[in-house]
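Residue numbers (our numbering), protein chains in the order written: chain A, 64 to 362; chain B, 64 to 362; chain C, 64 to 362; chain D, 64 to 362. Note that the Cβ used here is the ideal one computed from N, Cα and C, for glycine as well.
4 protein chains.
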Amino acid sequence: MIELRGVYPYLISPLDDSGLVRTEVLGNLIEHLLDCGVHGLAPLGSTGEFAYLDAGQRLEVVRATVQHSAGRVPVIAGVAATTISDAVRQVQAYKQAGADGILAILESYFPVNDTGVEAYFTAIADEAGDMPVVLYTNPQFQRSDLSLPVIARLSRHPAIRAIKDASTNTGRLLSIIQKTQGKLAVFAASSHVPAAVMLLGGVGWMAGPACLVPRQSVMLYTLAMQGRWSEAMALQQQLWPLNQLFARYTPAATVKAGLVLQGFDVGLPLAPQPSVDEPGIELIRNALTRISECRNFSE
Amino acid sequence: MIELRGVYPYLISPLDDSGLVRTEVLGNLIEHLLDCGVHGLAPLGSTGEFAYLDAGQRLEVVRATVQHSAGRVPVIAGVAATTISDAVRQVQAYKQAGADGILAILESYFPVNDTGVEAYFTAIADEAGDMPVVLYTNPQFQRSDLSLPVIARLSRHPAIRAIKDASTNTGRLLSIIQKTQGKLAVFAASSHVPAAVMLLGGVGWMAGPACLVPRQSVMLYTLAMQGRWSEAMALQQQLWPLNQLFARYTPAATVKAGLVLQGFDVGLPLAPQPSVDEPGIELIRNALTRISECRNFSE
Amino acid sequence: MIELRGVYPYLISPLDDSGLVRTEVLGNLIEHLLDCGVHGLAPLGSTGEFAYLDAGQRLEVVRATVQHSAGRVPVIAGVAATTISDAVRQVQAYKQAGADGILAILESYFPVNDTGVEAYFTAIADEAGDMPVVLYTNPQFQRSDLSLPVIARLSRHPAIRAIKDASTNTGRLLSIIQKTQGKLAVFAASSHVPAAVMLLGGVGWMAGPACLVPRQSVMLYTLAMQGRWSEAMALQQQLWPLNQLFARYTPAATVKAGLVLQGFDVGLPLAPQPSVDEPGIELIRNALTRISECRNFSE
Amino acid sequence: MIELRGVYPYLISPLDDSGLVRTEVLGNLIEHLLDCGVHGLAPLGSTGEFAYLDAGQRLEVVRATVQHSAGRVPVIAGVAATTISDAVRQVQAYKQAGADGILAILESYFPVNDTGVEAYFTAIADEAGDMPVVLYTNPQFQRSDLSLPVIARLSRHPAIRAIKDASTNTGRLLSIIQKTQGKLAVFAASSHVPAAVMLLGGVGWMAGPACLVPRQSVMLYTLAMQGRWSEAMALQQQLWPLNQLFARYTPAATVKAGLVLQGFDVGLPLAPQPSVDEPGIELIRNALTRISECRNFSE
Numbered sequence: 064m065i066e067l068r069g070v071y072p073y074l075i076s077p078l079d080d081s082g083l084v085r086t087e088v089l090g091n092l093i094e095h096l097l098d099c100g101v102h103g104l105a106p107l108g109s110t111g112e113f114a115y116l117d118a119g120q121r122l123e124v125v126r127a128t129v130q131h132s133a134g135r136v137p138v139i140a141g142v143a144a145t146t147i148s149d150a151v152r153q154v155q156a157y158k159q160a161g162a163d164g165i166l167a168i169l170e171s172y173f174p175v176n177d178t179g180v181e182a183y184f185t186a187i188a189d190e191a192g193d194m195p196v197v198l199y200t201n202p203q204f205q206r207s208d209l210s211l212p213v214i215a216r217l218s219r220h221p222a223i224r225a226i227k228d229a230s231t232n233t234g235r236l237l238s239i240i241q242k243t244q245g246k247l248a249v250f251a252a253s254s255h256v257p258a259a260v261m262l263l264g265g266v267g268w269m270a271g272p273a274c275l276v277p278r279q280s281v282m283l284y285t286l287a288m289q290g291r292w293s294e295a296m297a298l299q300q301q302l303w304p305l306n307q308l309f310a311r312y313t314p315a316a317t318v319k320a321g322l323v324l325q326g327f328d329v330g331l332p333l334a335p336q337p338s339v340d341e342p343g344i345e346l347i348r349n350a351l352t353r354i355s356e357c358r359n360f361s362e
Numbered sequence: 064m065i066e067l068r069g070v071y072p073y074l075i076s077p078l079d080d081s082g083l084v085r086t087e088v089l090g091n092l093i094e095h096l097l098d099c100g101v102h103g104l105a106p107l108g109s110t111g112e113f114a115y116l117d118a119g120q121r122l123e124v125v126r127a128t129v130q131h132s133a134g135r136v137p138v139i140a141g142v143a144a145t146t147i148s149d150a151v152r153q154v155q156a157y158k159q160a161g162a163d164g165i166l167a168i169l170e171s172y173f174p175v176n177d178t179g180v181e182a183y184f185t186a187i188a189d190e191a192g193d194m195p196v197v198l199y200t201n202p203q204f205q206r207s208d209l210s211l212p213v214i215a216r217l218s219r220h221p222a223i224r225a226i227k228d229a230s231t232n233t234g235r236l237l238s239i240i241q242k243t244q245g246k247l248a249v250f251a252a253s254s255h256v257p258a259a260v261m262l263l264g265g266v267g268w269m270a271g272p273a274c275l276v277p278r279q280s281v282m283l284y285t286l287a288m289q290g291r292w293s294e295a296m297a298l299q300q301q302l303w304p305l306n307q308l309f310a311r312y313t314p315a316a317t318v319k320a321g322l323v324l325q326g327f328d329v330g331l332p333l334a335p336q337p338s339v340d341e342p343g344i345e346l347i348r349n350a351l352t353r354i355s356e357c358r359n360f361s362e
Numbered sequence: 064m065i066e067l068r069g070v071y072p073y074l075i076s077p078l079d080d081s082g083l084v085r086t087e088v089l090g091n092l093i094e095h096l097l098d099c100g101v102h103g104l105a106p107l108g109s110t111g112e113f114a115y116l117d118a119g120q121r122l123e124v125v126r127a128t129v130q131h132s133a134g135r136v137p138v139i140a141g142v143a144a145t146t147i148s149d150a151v152r153q154v155q156a157y158k159q160a161g162a163d164g165i166l167a168i169l170e171s172y173f174p175v176n177d178t179g180v181e182a183y184f185t186a187i188a189d190e191a192g193d194m195p196v197v198l199y200t201n202p203q204f205q206r207s208d209l210s211l212p213v214i215a216r217l218s219r220h221p222a223i224r225a226i227k228d229a230s231t232n233t234g235r236l237l238s239i240i241q242k243t244q245g246k247l248a249v250f251a252a253s254s255h256v257p258a259a260v261m262l263l264g265g266v267g268w269m270a271g272p273a274c275l276v277p278r279q280s281v282m283l284y285t286l287a288m289q290g291r292w293s294e295a296m297a298l299q300q301q302l303w304p305l306n307q308l309f310a311r312y313t314p315a316a317t318v319k320a321g322l323v324l325q326g327f328d329v330g331l332p333l334a335p336q337p338s339v340d341e342p343g344i345e346l347i348r349n350a351l352t353r354i355s356e357c358r359n360f361s362e
Numbered sequence: 064m065i066e067l068r069g070v071y072p073y074l075i076s077p078l079d080d081s082g083l084v085r086t087e088v089l090g091n092l093i094e095h096l097l098d099c100g101v102h103g104l105a106p107l108g109s110t111g112e113f114a115y116l117d118a119g120q121r122l123e124v125v126r127a128t129v130q131h132s133a134g135r136v137p138v139i140a141g142v143a144a145t146t147i148s149d150a151v152r153q154v155q156a157y158k159q160a161g162a163d164g165i166l167a168i169l170e171s172y173f174p175v176n177d178t179g180v181e182a183y184f185t186a187i188a189d190e191a192g193d194m195p196v197v198l199y200t201n202p203q204f205q206r207s208d209l210s211l212p213v214i215a216r217l218s219r220h221p222a223i224r225a226i227k228d229a230s231t232n233t234g235r236l237l238s239i240i241q242k243t244q245g246k247l248a249v250f251a252a253s254s255h256v257p258a259a260v261m262l263l264g265g266v267g268w269m270a271g272p273a274c275l276v277p278r279q280s281v282m283l284y285t286l287a288m289q290g291r292w293s294e295a296m297a298l299q300q301q302l303w304p305l306n307q308l309f310a311r312y313t314p315a316a317t318v319k320a321g322l323v324l325q326g327f328d329v330g331l332p333l334a335p336q337p338s339v340d341e342p343g344i345e346l347i348r349n350a351l352t353r354i355s356e357c358r359n360f361s362e
C-alpha cells in the first residue's frame with residue numbers, strides 16, 4: 064500500500080462556463096505542485112467543491128488528476144454521498160479511473176446515528192479493497208460528525224488508514240492519536256496549525272492552502288519531521304496569515320482567487336457561492352507576497 | 064395560475080432494492096390521498112428524501128406523481144441543488160414532466176450570503192415562468208436560511224407565490240405575513256401547529272404527516288377556513304401527538320413507517336438513514352389508532 | 064391560592080446612578096398598569112434585569128412592587144440563582160416581603176443534568192409553600208433548559224402551577240399542555256404570538272411588552288377568552304411589530320426606551336448592556352404611535 | 064510588575080455545609096502546590112466555581128489564598144460580573160485583600176456588543192492600576208466572547224498583559240499571538256494541549272488540572288521552555304487523558320473529585336451541579352495513578 068504522509072494539496076476543480084472540467088489548467092497546476100515536491104494529490108475535497116459537482120464532473124476531475132500525475136505521487140480521491148449505494152458507486156468509478164486511495168466523506172440531511180455513520184464508512188472501506196481510506200470529518204460544513212468511539216472502531220478496518228479532522232479542536236487530534244494507537248495517521252487541516260499537529264504526532268497536512276504555498280508546506284513538513292521545531296514554528300508563523308483568510312472566505316473561493324493571482328486560470332467558485340471580493344483579493348495577494356519573501360530554510 | 068392553499072402532503076419516495084421508483088405503490092398512495100380530499104401533492108420535499116435521490120430517481124418520482132394524479136390536483140415538485148445551474152436544469156425537467164409548480168430548496172456546503180441566496184431563488188423563479196414557486200426553508204436540516212429582507216425582496220417576483228418555513232418559530236411566520244403584505248401565502252410545516260398558523264393568516268399545511276392523516280388534515284383546514292376555531296383546536300389536539308413523533312424520528316422514517324402500518328409497501332428510508340425502531344413503530348401505531356378513533360367533525 | 068391567568072407585565076427595574084431603586088418611578092408605572100387593567104405584576108423577569116442586580120437591589124424591587132400594588136393584583140417575583148441555597152434564600156426573602164408567587168429561573172455556568180434541574184425547581188417549590196410557582200425557561204439567554212419529561216414531573220408538585228416558556232417554539236407549548244394535562248397553566252412570552260398561544264389553550268401573556276401596551280394586551284386577552292378569534296387576531300396584527308423589536312434589541316433595553324418615550328423616567332439598562340440607539344428609538348416610537356391609533360375593540 | 068508565565072493552577076473553592084470557606088483545606092492545597100513548584104495561583108476561575116459563590120464567599124477565597132501563599136508566588140484573582148459597577152467593586156476588594164493581579168471575566172445574560180465588551184474590560188484594567196490583568200474568555204460556558212479586533216484593542220492597555228482563551232480552537236491562539244505582537248502573553252487552557260500552545264509561543268498553563276498534577280505540569284513547562292520538544296510531548300501524552308475527563312465532567316467536579324482522591328477534603332461542587340459519579344471517579348483514579356507512575360524527566 065502507498066504511504067500516507069506529507070503534504071497533500073486539496074485540488075480545486077476548474078470548470079468552464081458550460082460546466083466542463085478544464086483539464087489543461089488542472090494539469091498545469093498539478094505539474095507545478097509536483098515540481099514543488101508535494102507528496103500526494105487530493106482531488107474532490109471541500110476545496111475541490113465536491114458538493115457542487117455532478118457525478119460526471121467529479122469523475123472527470125479524478126481522471127484528469129490521475130492522468131496528469133501519472134503515478135508520480137498517490138492520488139486520494141474524495142467520495143462524498145448521502146447514501147451508501149452512491150458512495151460505493153463512486154469508489155468503484157474512482158478505482159477504475161486509477162485513484163490510489165479514497166478520502167471518505169459523509170454528507171447528510173437528516174441526522175445520522177453512530178450505527179449509520181459506521182455502516183457508511185465501513186461500506187466504503189470494504190469496497191476500497193487495497194486502496195487506503197482516509198476518513199474526513201468537517202463539523203463546520205457537514206451535518207454529521209465522527210465520534211471518538213466510532214473513529215476507534217473504524218480504525219480497526221484494514222483499509223482505513225488515516226483521518227483528516229477539519230474541526231478547529233486540536234486537542235481532539237491528540238485524543239484520536241491516543242485512542243487509535245498508531246492505527247490511524249492524522250493529517251492537519253487548514254483550521255489547525257500544522258506544526259502543532261505534527262508535534263502531537265500528525266503525519267502531514269491535507270488542505271487547500273497547500274495549493275498556494277506548496278514549497279513552503281513541504282519545507283514545514285520536512286523541518287517538523289527532522290525535529291527542528293523552532294525553525295518549523297518560524298516558518299509556520301509566516302504561513303499562518305493565509306490560513307486565517309480561509310476562515311474569512313470559503314476554502315474554494317480563497318484557493319481559486321489565490322491561484323488566479325499566481326497565473327492559473329481556474330475561474331470562480333460555482334454560483335451561488337460567493338467569490339472573494341476585491342479587498343479580499345488584496346489580502347490574499349499581500350499574504351502570498353509576504354510568504355514568497357520569507358527567508359529560506361535549508362534542508 | 065393554480066391556487067396555492069389547502070393540504071399538500073409531502074409524498075414519500077418508495078424505492079425497490081435496486082433503486083428503482085416503485086411507481087405502483089406511489090400511485091396507490093396518491094389515489095388514497097386524493098380520495099381523502101387533499102388539495103395538492105408535493106413530491107421531493109424533505110419527507111420525499113430529495114437529498115438521497117439522484118437526478119434520475121427524482122425525475123421518475125415527479126413523472127409518476129404527475130401521471131397518477133392526472134390533473135386532478137396541482138403537483139408542486141421539489142427542486143433542490145447547491146448550484147444555480149443544477150437548479151435550473153431541474154426546473155426545466157420537472158416542467159417538461161408536467162409539474163404544476165416548484166418547491167424551491169437551497170442546499171449548500173459553504174455558507175451562502177444573502178446575495179447568493181436571492182440569486183438562487185430568482186433564477187428558479189425566472190425559469191419557472193408561469194409555474195408558481197413555493198420558497199422552502201428548513202433551518203433544522205439545511206445549511207442556509209432565508210432572512211426576512213431576502214424573503215421580502217423575493218416576494219415581489221411574480222412567480223414566487225408562497226413560502227413554507229419549517230423552523231419551529233411560529234412568530235416568524237406572522238412577521239413574514241406582515242412583511243410581504245399578501246404577496247406570499249404561508250404554509251404550516253409539521254414543526255408548527257397548523258391551526259395556529261391558519262389563525263395567523265396561513266393558507267394551509269404542506270407537510271409529511273398529511274400523508275398519514277389526510278382526511279383529518281383536510282377537515283382541520285376546512286374548520287379553520289370557516290372560522291370554527293374551537294372545533295379546529297379540538298381536532299388539532301388529537302393530531303398533535305403525531306407531529307411530535309416527527310421531532311423524535313426523521314420525517315421520512317416516520318411517514319414511511321406509518322404508511323407501512325397503513326398497508327402501503329413503501330419500504331425504509333435509504334441507508335445509512337436510521338429507520339424507526341420497534342418501540343417507535345408502536346408509538347406511531349398508537350398515535351394513528353387514537354386519531355382514527357377521533358370523533359367526527361361534520362362540515 | 065391566587066389565580067394565575069391574564070396579563071402580567073414583566074416590570075423593568077429603574078435604578079439611579081448610585082444603584083438605588085427609584086421606587087417612585089416604579090410606583091408611577093405600577094399605578095398606570097393597574098389603571099389599564101393588568102391582572103398581575105412580575106418583577107425580576109428578564110426584562111427586570113434580574114441578572115444585573117445584586118441581592119439588595121432585587122429585594123428592594125420586590126418590596127416596592129408589593130407596596131405600590133397594595134394587594135390589588137398578585138405580585139409574582141423572579142427568583143434566579145445558580146445554587147439551590149441561594150434560590151431558597153431568595154424565596155424566603157420575597158415571601159417575607161409580601162410576594163404572592165414566585166417566577167422560578169435556573170441560572171447556570173456549567174451544564175446541569177435533568178436531576179439537578181428537577182432538584183432546583185423542587186427546592187424552590189418546597190420553600191414556596193402556599194405561594195404558586197411559575198416555571199420560567201428561556202433557552203435563548205439561559206444556559207439550561209427544561210426538558211418535557213422534567214416539566215411533566217415538576218407539574219405534579221402542588222406549588223408548581225404554571226410555566227412561561229420563552230423559546231420561539233410554539234409547538235412545544237402545545238406539547239407541554241398535552242403532557243401536563245391541565246396541571247400547568249401556560250403563559251405566552253414575547254417571542255410567541257399571544258393570540259396563537261391562547262388558541263392552543265394558553266392562559267395569558269407574561270412579558271415585557273405588556274409594560275408598553277397594557278390596555279391593548281388586556282383587550283387581546285379578553286377577546287381570546289371570549290372566543291372572538293378574528294377580532295383577537297386583528298388586534299394581534301397591530302401589536303406584533305412591537306414584539307419584533309424585542310428580537311432586534313434586548314427586552315430590557317426596548318421596554319426601558321419605550322417607557323421613557325411614554326414619560327416614565329426609568330433610565331437605561333445597566334452597563335455594559337447596549338441601550339437602544341437613535342434609529343431604534345424611532346422604530347419604537349413609530350410602533351407605539353401606530354398601536355395607540357388602533358381602532359378600539361369594545362368588550 | 065509581576066511576571067506572568069508558568070503554571071497557574073485554578074484553585075477550587077472548598078466550602079462547608081453552611082457555605083463557609085474551609086480555609087485550612089485551601090491552605091493545605093496551596094502548600095502542596097507551592098511544594099511542587101507552581102509559578103502562581105489563580106483563585107475564582109471556572110474551576111473555582113466563581114459563578115456559584117456570593118460576594119462574601121469570593122472575597123474569603125481570595126483572602127485565604129493571599130494569606131496562605133504569603134507572597135511566595137503571585138495570586139491572580141478572578142473578577143466576574145454582569146455589570147461594570149460590580150466588576151469594579153470586586154477589583155477594589157481583591158486589591159485591598161492583597162491580590163497581585165486580576166483574571167477578568169465577563170458574565171452576561173443578554174448579548175453584549177463589542178463596544179460593551181471593550182468598556183467592561185477597560186474599566187477593570189483602569190481600576191487595576193499596577194496589577195496586571197489577564198483576559199479570560201470561555202465560549203463554552205460564557206454567553207459573550209472576545210473577538211480578535213477587541214482583543215487587539217485591549218492589548219494596548221498597559222494593565223492588560225495576558226489572555227487565557229478556553230475555546231478548543233488552538234489556531235485562534237496563534238492568531239491572537241500574531242495580532243497582539245508581543246503585547247499579550249497567551250496561556251493554555253485545559254481544552255488546549257499545553258505543549259502545542261507553548262510551541263506556538265504560549266507562556267504557560269492556567270487551568271484546573273494543574274491542581275491535580277502540579278509537579279508534572281511544571282516539568283512540562285520547563286521542558287518546553289528549554290526547547291526539549293520531544294520530551295515535552297512524551298510527558299504531554301501521559302497527561303492528556305486527564306484533560307479529556309474535563310470535557311466529560313465539569314472542571315470543578317473533576318478537580319474536586321481528584322483532590323479528594325489525593326487526600327484533600329474539598330467536598331463536592333455546589334448543588335445543583337452534578338458531582339462525578341462512581342465510574343467517573345474510577346477513571347480519574349486510574350488517570351492519576353498512571354500519571355504518577357510516569358517515568359521521570361530530569362531537568
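One or two residues paired with residue i in a DSSP bridge
i	result
W303(A)	None, per the DSSP bridge assignment.
L74(C)	Note: L74(C) sits in no beta bridge, so no partner.
L198(D)	A167(D), I226(D)
N232(B)	N232(C)
Residue i at chain C interface by Cβ criterion, 9 Å
i	result
T243(B)	no
Rounded separation between residue i and residue j - CA only
i	j	result
G161(B)	V249(B)	24 Å
P202(C)	P332(B)	32 Å
F204(C)	Y172(D)	6 Å
Y157(A)	R121(A)	9 Å
M269(D)	G90(D)	19 Å
C-beta neighbour in chain A for residue i, strict 9 Å
i	result
R235(D)	yes
Below-9 Å beta-carbon distance, residue i vs any chain D residue
i	result
W268(A)	no
A334(C)	yes
Specify whether the stretch 320-337 of chain D and the stretch 270-279 of chain D touch according to this definition: at least 3 beta carbon pairs, one from each stretch, less than 8 Å apart. Three or more Cβ pairs drawn from the stretch 320-337 of chain D and the stretch 270-279 of chain D lie within less than 8 Å of each other, which places the two stretches in contact.
If contact is defined by three or more beta carbon pairs under 8 Å, each pair taking one atom from either stretch, is the stretch 237-256 of chain D in contact with the stretch 291-309 of chain A? A contact exists between the stretch 291-309 of chain A and the stretch 237-256 of chain D.
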